[in-house]
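Just below is one structure, and these are the notes that go with it.
Protein chains: 2
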Amino acid sequence: MDRYLVISSDGHAGLPPERYRDYLEARHHALFDETVQKEIKAREEHEKRFLIDDFNTKWRARVGDGLEGAWDGTIRNRVMDGDGVAAEVLFPDGITERNAPPFGADIGLRPNAERAELQWAGARAHNRWLAEFCRDDPHRRIGLAVIPALYDLDETMKEIRWAADNGLKGVFFPALTDGYDMYNHTKYHKVWAMLQEANLPLHFHSGAAPAYDTTQPGWIGTYLCEFAFWMTRPLWGLTFGGVFEEFPRLKVCFTEAGGEFWFPWIKQLMDIRASAKHTSGKLGDYYANMSMKPSEYFARNVWIGCSALPDEETTQSYYDIGIDRILWGTDYPHPEGTWPNTAEKMFDSLGGLPEDDIQRMLGTNALEVYDLDEKALWDIAARIGPKRESLVKQAAE
Amino acid sequence: MDRYLVISSDGHAGLPPERYRDYLEARHHALFDETVQKEIKAREEHEKRFLIDDFNTKWRARVGDGLEGAWDGTIRNRVMDGDGVAAEVLFPDGITERNAPPFGADIGLRPNAERAELQWAGARAHNRWLAEFCRDDPHRRIGLAVIPALYDLDETMKEIRWAADNGLKGVFFPALTDGYDMYNHTKYHKVWAMLQEANLPLHFHSGAAPAYDTTQPGWIGTYLCEFAFWMTRPLWGLTFGGVFEEFPRLKVCFTEAGGEFWFPWIKQLMDIRASAKHTSGKLGDYYANMSMKPSEYFARNVWIGCSALPDEETTQSYYDIGIDRILWGTDYPHPEGTWPNTAEKMFDSLGGLPEDDIQRMLGTNALEVYDLDEKALWDIAARIGPKRESLVKQAAE
Numbered sequence: 001m002d003r004y005l006v007i008s009s010d011g012h013a014g015l016p017p018e019r020y021r022d023y024l025e026a027r028h029h030a031l032f033d034e035t036v037q038k039e040i041k042a043r044e045e046h047e048k049r050f051l052i053d054d055f056n057t058k059w060r061a062r063v064g065d066g067l068e069g070a071w072d073g074t075i076r077n078r079v080m081d082g083d084g085v086a087a088e089v090l091f092p093d094g095i096t097e098r099n100a101p102p103f104g105a106d107i108g109l110r111p112n113a114e115r116a117e118l119q120w121a122g123a124r125a126h127n128r129w130l131a132e133f134c135r136d137d138p139h140r141r142i143g144l145a146v147i148p149a150l151y152d153l154d155e156t157m158k159e160i161r162w163a164a165d166n167g168l169k170g171v172f173f174p175a176l177t178d179g180y181d182m183y184n185h186t187k188y189h190k191v192w193a194m195l196q197e198a199n200l201p202l203h204f205h206s207g208a209a210p211a212y213d214t215t216q217p218g219w220i221g222t223y224l225c226e227f228a229f230w231m232t233r234p235l236w237g238l239t240f241g242g243v244f245e246e247f248p249r250l251k252v253c254f255t256e257a258g259g260e261f262w263f264p265w266i267k268q269l270m271d272i273r274a275s276a277k278h279t280s281g282k283l284g285d286y287y288a289n290m291s292m293k294p295s296e297y298f299a300r301n302v303w304i305g306c307s308a309l310p311d312e313e314t315t316q317s318y319y320d321i322g323i324d325r326i327l328w329g330t331d332y333p334h335p336e337g338t339w340p341n342t343a344e345k346m347f348d349s350l351g352g353l354p355e356d357d358i359q360r361m362l363g364t365n366a367l368e369v370y371d372l373d374e375k376a377l378w379d380i381a382a383r384i385g386p387k388r389e390s391l392v393k394q395a396a397e
Numbered sequence: 001m002d003r004y005l006v007i008s009s010d011g012h013a014g015l016p017p018e019r020y021r022d023y024l025e026a027r028h029h030a031l032f033d034e035t036v037q038k039e040i041k042a043r044e045e046h047e048k049r050f051l052i053d054d055f056n057t058k059w060r061a062r063v064g065d066g067l068e069g070a071w072d073g074t075i076r077n078r079v080m081d082g083d084g085v086a087a088e089v090l091f092p093d094g095i096t097e098r099n100a101p102p103f104g105a106d107i108g109l110r111p112n113a114e115r116a117e118l119q120w121a122g123a124r125a126h127n128r129w130l131a132e133f134c135r136d137d138p139h140r141r142i143g144l145a146v147i148p149a150l151y152d153l154d155e156t157m158k159e160i161r162w163a164a165d166n167g168l169k170g171v172f173f174p175a176l177t178d179g180y181d182m183y184n185h186t187k188y189h190k191v192w193a194m195l196q197e198a199n200l201p202l203h204f205h206s207g208a209a210p211a212y213d214t215t216q217p218g219w220i221g222t223y224l225c226e227f228a229f230w231m232t233r234p235l236w237g238l239t240f241g242g243v244f245e246e247f248p249r250l251k252v253c254f255t256e257a258g259g260e261f262w263f264p265w266i267k268q269l270m271d272i273r274a275s276a277k278h279t280s281g282k283l284g285d286y287y288a289n290m291s292m293k294p295s296e297y298f299a300r301n302v303w304i305g306c307s308a309l310p311d312e313e314t315t316q317s318y319y320d321i322g323i324d325r326i327l328w329g330t331d332y333p334h335p336e337g338t339w340p341n342t343a344e345k346m347f348d349s350l351g352g353l354p355e356d357d358i359q360r361m362l363g364t365n366a367l368e369v370y371d372l373d374e375k376a377l378w379d380i381a382a383r384i385g386p387k388r389e390s391l392v393k394q395a396a397e
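Here the protein sequences line up with chains S and R, keeping their order.
The opening position of the first sequence corresponds to residue 1 in full-length UniProt numbering, with each subsequent residue numbered one higher.
The opening position of the second sequence corresponds to residue 1 in full-length UniProt numbering, with each subsequent residue numbered one higher.
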């Protein structure tokens with residue numbers, strides 16, 4: 001085989017907001033009609049403070065209708081073919097400031113007691129649309145159900161069951177638990193048992209953070225310094241809570257931590273915290289429920305979705321994290337992703353590494369995470385995958 | 001001079017709780033009388049879940065009345081002489097689960113709208129006692145005023161002024177801002193201006209964190225993985241908020257991050273976040289208010305109080321942070337500190353390094369941070385400081 005199999009761990013898909021109406025339970029239509037334009041406008045206003053308009057406008061002009069692959073399967077497959085991507089993991093929020101599911105069931109998923117029921121309704125609307133979208137091309141589309149898990153575990157279990165029955169391949173949970181029980185709480189064990197049994201990997205994705213005062217200087221820099229923390233916080237709760245000990249086949253993916261140097265640190269941090277003898281002497285035998293080191297659970301239960309890589313050299317980070325933990329991704333159609341320069345960026349971040357390592361990170365690791373039709377994917381890769389020679393680095397380069 | 005000058009960056013002092021009554025405004029006495037025993041009991045109960053009783057009991061038996069140096073100046077000086085410590089920075093909370101100022105004005109300082117006034121009263125009671133304690137031996141005791149800064153800036157400015165007028169040498173602010181304005185907010189500029197002008201360094205100390213469910217497995221491991229984050233969060237707000245740009249002589253100390261590997265990471269993280277061109281292209285020119293790299297502000301405005309070091313090798317971390325940023329500390333009288341084995345632990349963490357580097361970290365850096373009588377301190381060091389030869393490492397070791 002002279003081509004790589006590429007499975008992007010980080011894709012975003014979603015309808016234009018007004019079209020979610022068709023997937024929303026009728027009892028929420030009145031409120032939806034009343035609020036959808038306001039939600040769109042608020043999102044645009046927020047994004048104006050957040051994104052450089054000029055940057056976005058230029059970028060959009062250049063990529064043309066490719067953005068509409070966020071909800072249009074034909075366009076999406078055209079883009080994927082061009083990028084050499086055989087299949088994609090699909091999170092919500094197609095185009096950053098558009099295409100978000102209604103009522104806060106978006107990539108910034110965060111519990112909000114006041115609109116718990118609405119957030120669930122928004123999540124279900126997205127999940128129902130996404131299941132259709134994935135059914136249209138089940139090999140290439142690895143859909144994740146949006147699960148506002150913290151309010152109600154019965155509802156959570158029901159929706160996970162629905163997702164599994166309807167061809168979705170994983171779940172996306174809120175990383176911020178705010179006032180709700182954190183993921184080390186034993187009440188979640190039945191959820192972990194179900195995810196393990198159904199082979200549905202649990203996903204956290206960067207984005208959510210506590211509210212910032214966007215009128216103040218430095219709030220974006222503050223966000224950039226800590227967004228990886230907010231996404232990763234569930235990791236040590238699960239690890240030290242003994243969840244990976246109890247559920248050895250539970251799979252957890254952390255996606256788009258923007259600069260993968262973060263996870264080598266965190267892996268090291270957890271091991272240090274589990275071994276600082278003097279401190280633990282004071283603090284008690286808190287890891288009695290763990291038979292392995294945190295980094296050993298990490299090497300078995302955790303995968304890192306790597307996309308939106310910074311300019312800096314990250315090759316060593318892949319090895320520090322573990323080549324078999326890395327799931328490369330494009331983040332299509334977000335502007336910080338690789339598209340429409342995927343081939344070039346793939347070369348920048350992977351070119352010159354051993355072919356086996358490249359293949360693991362680009363695609364075969366994902367085969368181990370998700371329940372996929374390998375034969376079908378290799379057939380697609382044979383047609384559109386990047387040529388192996390394209391990632392060979394000449395001595396001169 | 002054949003001895004080192006040692007100034008510990010991390011000491012704790014506080015009265016037995018019931019004795020704070022004498023320093024508390026009379027209008028709070030009734031409530032104090034009603035709650036002080038409950039506060040003591042609640043603290044003991046909490047610590048029982050948190051600390052290994054056996055560990056603490058044994059440790060206490062070994063150290064004897066040395067613990068009472070938390071409030072007894074004669075005992076404290078005896079311990080300091082034995083440890084070779086000429087002077088100490090004094091945070092609240094003498095003995096971990098005792099000696100905390102009332103009404104939450106303790107080392108876990110965290111805003112709480114419902115008892116803002118009481119927390120201020122507790123802080124003022126501590127500050128008034130501490131000012132007395134420091135006046136008894138003004139060269140050796142570098143007292144920090146507890147400032148529950150977030151509620152009311154007029155009150156904050158008034159107390160800072162009081163602290164400066166009464167011989168205190170720095171301030172201790174809450175690291176967690178919870179719902180209150182974060183430290184990048186420009187409303188704090190007048191506070192920074194006052195601290196800069198009065199040469200009162202701003203301190204954050206580890207301890208505070210969001211509430212955990214202490215009935216659940218893994219909560220201590222969770223706390224250990226993130227307590228350094230909670231303490232350090234103000235750093236990127238101040239940096240990216242342009243505070244160090246605006247107040248180039250403002251000094252900020254972060255104390256007891258338990259394993260100093262944390263700060264080399266954070267310094268690197270901030271620089272990466274300030275230079276990730278593609279992401280900043282999307283996110284805007286958020287560092288327009290900074291003329292230097294975050295690590296350059298760090299090298300000018302920030303010091304790291306290093307105590308409670310883990311067993312792991314940390315020498316390289318000192319150099320990664322910057323030898324001129326390190327303020328060595330004993331954490332006396334906390335059980336995770338160096339006392340009563342200070343000489344041995346000092347040797348473990350510093351032995352064999354160049355003498356000039358050792359002297360900077362042990363004491364002369366602190367001379368640059370605080371307004372101190374250098375001559376008086378060198379005289380004390382000449383009498384009780386550790387011998388320089390004690391930190392020489394033989395080739396055989």
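Cβ coordinates follow ideal geometry from the N, Cα and C atoms, glycine included.
Alpha carbon to alpha carbon, how far is residue i from residue j?
| i | j | result |
| --- | --- | --- |
| valine 171(S) | arginine 325(S) | 18 Å |
| tryptophan 219(S) | tryptophan 59(S) | 24 Å |
| alanine 121(R) | histidine 28(R) | 8 Å |
| threonine 35(R) | glycine 94(R) | 20 Å |
| histidine 126(R) | alanine 26(R) | 14 Å |
| glycine 143(R) | phenylalanine 229(R) | 25 Å |
| tyrosine 183(R) | proline 234(R) | 6 Å |
| alanine 100(R) | glycine 108(R) | 10 Å |
| aspartate 356(R) | arginine 388(R) | 11 Å |
| lysine 352(S) | isoleucine 358(S) | One point to set straight first is that residue 352(S) is glycine, not lysine, in the sequence displayed. Glycine 352(S) and isoleucine 358(S): Cα-Cα distance of roughly 9 Å. |
| alanine 274(R) | arginine 98(S) | 27 Å |
| alanine 175(R) | glutamine 316(R) | 27 Å |
| glutamate 368(S) | isoleucine 323(S) | 13 Å |
| glutamate 344(R) | tyrosine 332(R) | 15 Å |
| valine 85(R) | proline 264(S) | 37 Å |
| leucine 372(S) | tyrosine 23(S) | 26 Å |
My assumption, with CB atoms under 8 Å, is that residue i sits in contact with residue j. Please give the rounded CB distance.
| i | j | result |
| --- | --- | --- |
| glycine 89(S) | glycine 11(S) | Sequence check: residue 89(S) is valine here, not glycine. Confirmed, about 6 Å. |
| leucine 327(S) | asparagine 301(S) | The Cβ separation is near 14 Å, so there is no contact. |
| tryptophan 162(S) | leucine 15(S) | Not quite, the Cβ-Cβ distance comes to about 19 Å (not below 8 Å), so this is no contact. |
| methionine 231(R) | alanine 211(R) | Rounded, the Cβ-Cβ distance is 16 Å, inconsistent with contact. |
| phenylalanine 185(R) | glutamine 216(S) | Phenylalanine is not the amino acid found at residue 185(R); the sequence shown has histidine there. Confirmed, Cβ separation roughly 5 Å. |
| glutamate 260(S) | cysteine 306(S) | 5 Å |
| tyrosine 4(S) | alanine 382(S) | Incorrect: roughly 10 Å between the Cβ atoms, too far for contact. |
| phenylalanine 227(R) | alanine 209(R) | 6 Å |
If you drop the 5 nearest sequence neighbours on each side, which residues of the same chain put their C-beta closer than 7 Å to that of residue i?
| i | result |
| --- | --- |
| glycine 242(S) | Asn289 and Met290 |
Can you say whether residue i is buried or exposed, counting buried as having 16 or more other CB atoms within 10 angstroms of its CB?
| i | result |
| --- | --- |
| tyrosine 319(R) | exposed |
| leucine 270(R) | A quick correction: the sequence has methionine, not leucine, at residue 270(R). Result: buried. |
| alanine 42(S) | exposed |
| alanine 87(S) | buried |
| glycine 221(S) | buried |
| arginine 124(S) | buried |
| glutamine 394(R) | exposed |
| histidine 205(S) | buried |
Beta-carbon within less than 8 Å of residue i's beta-carbon, same chain only, minus the 5 sequence neighbours each way: which residues are those?
| i | result |
| --- | --- |
| valine 191(S) | Ala149, Leu153, Thr156, Met157 and Ile160 |
| phenylalanine 133(S) | Ala13, Trp71, Gly73, Leu90, Arg141 and Gly143 |
| lysine 267(S) | Pro294, Ser295, Phe298, Asp320 and Ile321 |
Using C-beta distances below 6 Å, list every residue in its chain close to residue i, excluding the 5 sequence neighbours before and after it, in chain order.
| i | result |
| --- | --- |
| methionine 361(R) | Ile326 and Trp328 |
| alanine 145(S) | Asn127, Ala163, Leu168 and Val171 |
| arginine 21(R) | Phe32 |
| cysteine 253(S) | Pro201, His203, Trp303 and Gly305 |
Length-filtered (4 minimum) alpha helix (DSSP H) runs lying within the segment 161-224 of chain R: 189-198
Give, in chain order, every unbroken run of the alpha helix (DSSP H) that is at least 4 residues long and sits entirely within the segment 356-386 of chain S. 365-369 and 374-384
Segments of 3+ residues assigned as beta strand (DSSP E) that fall wholly inside the segment 116-149 of chain R: 141-146
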